[in-house]
Amino acid sequence: MTFAERTLKFYLSLHIDAALPEEIEVLNPYKEEAVMEACASFYKKYYNDEEGRRIIFGINPGRFGAGITGIPFTDPVRLEENCGIPNEFRKRSELSSEFVYLLIEQMGGPEHFYRHYFIGAVSPLGFMKNGKNFNYYDSAELTRALKPFIIHNLAEQIGLGINSRKCYCLGQGKNYEYLQQINTELALFDEIIAIPHPRWVMQYNRKNLKQILRDTSRILTL
Numbered sequence: 000m001t002f003a004e005r006t007l008k009f010y011l012s013l014h015i016d017a018a019l020p021e022e023i024e025v026l027n028p029y030k031e032e033a034v035m036e037a038c039a040s041f042y043k044k045y046y047n048d049e050e051g052r053r054i055i056f057g058i059n060p061g062r063f064g065a066g067i068t069g070i071p072f073t074d075p076v077r078l079e080e081n082c083g084i085p086n087e088f089r090k091r092s093e094l095s096s097e098f099v100y101l102l103i104e105q106m107g108g109p110e111h112f113y114r115h116y117f118i119g120a121v122s123p124l125g126f127m128k129n130g131k132n133f134n135y136y137d138s139a140e141l142t143r144a145l146k147p148f149i150i151h152n153l154a155e156q157i158g159l160g161i162n163s164r165k166c167y168c169l170g171q172g173k174n175y176e177y178l179q180q181i182n183t184e185l186a187l188f189d190e191i192i193a194i195p196h197p198r199w200v201m202q203y204n205r206k207n208l209k210q211i212l213r214d215t216s217r218i219l220t221l
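The structure is reproduced here in structure tokens:
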């Protein structure tokens, strides 16, 4: 089974059994046929092999990136323009996706980047509250309820063919702290390296974008 086949099987299997706080909605794009078609095109294009990758963990899917396409940090615009995969999704640009694809171009483009890296998520399903994105760590009650789901799916993502010597965490705050906590308990990775979260860069530190792209590229290739 190729990396692509394992990945598609993984996304199709995602579900949450835990009782979540009443106001929380689960964002599961993989129930949609159009999403799985986009995922199949993407993963078969870049991961149709049995090679291993390093993993970069995001937080969880949001409404306008992976929440639409199913592909972490890949909005419909980047899916079509950067990855060459036509799609019928509404062509709305998403800030985090913009940063990630600038980084990917800095590192040689999608074919080179995805040959070496896989972008996953601490929680591969997303959440909404009152119609807005909600992160797995935004509520202590939600975080507690999700812990078995998160642990199971961290292991599942490693099983896709991930090098467990080190991983990278998008975000130097709560996402990194929680991933470190889980790793202390389970020793999934020898080392976790934090890199700036795309939205933080694009919203609050855009004046330093070029330097951050250079620095992040250097960290990923060490």
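Residue numbers (numbering that gives the first Met the number 0): 0 to 221. By construction, the Cβ of each residue, glycine as well, lies at the ideal position given by its N, Cα and C atoms.
Could you pull out every residue in the same chain whose Cβ sits closer than 7 angstroms to the Cβ of asparagine 182, ignoring the five residues on either side in sequence?
Phe188 and Ile191
Methionine 201, buried or exposed, once every other Cβ within 10 Å from all chains shown has been counted against 16:
buried
Could you tell me which whole alpha helix (DSSP H) segments of length 4 or greater appear in the stretch 43–86?
65–68 and 75–80
Inspect the beta-carbon positions of glycine 222 and tyrosine 113 and report whether they are closer than 8 angstroms.
The first residue shown for the chain is 0 and the last is 221, placing residue 222 beyond what the model contains.
Give a yes or no on contact between the stretch 82–89 and the stretch 16–25, applying the rule of three or more CB pairs nearer than 8 angstroms.
no
Assuming leucine 169 contacts leucine 101 (C-beta within less than 8 angstroms), just tell me the rounded distance between them.
Wrong, their Cβ atoms sit about 14 angstroms apart, outside the cutoff.
Checking the sheet assignment: what are the DSSP bridge partners for glycine 119?
Phe56
Start and end residues, beta strand (DSSP E) containing lysine 229
Residue 229 lies beyond the range of the chain shown here (0 to 221); nothing can be said about it.
Going by DSSP, what residue range makes up the alpha helix (DSSP H) through isoleucine 149?
139–157
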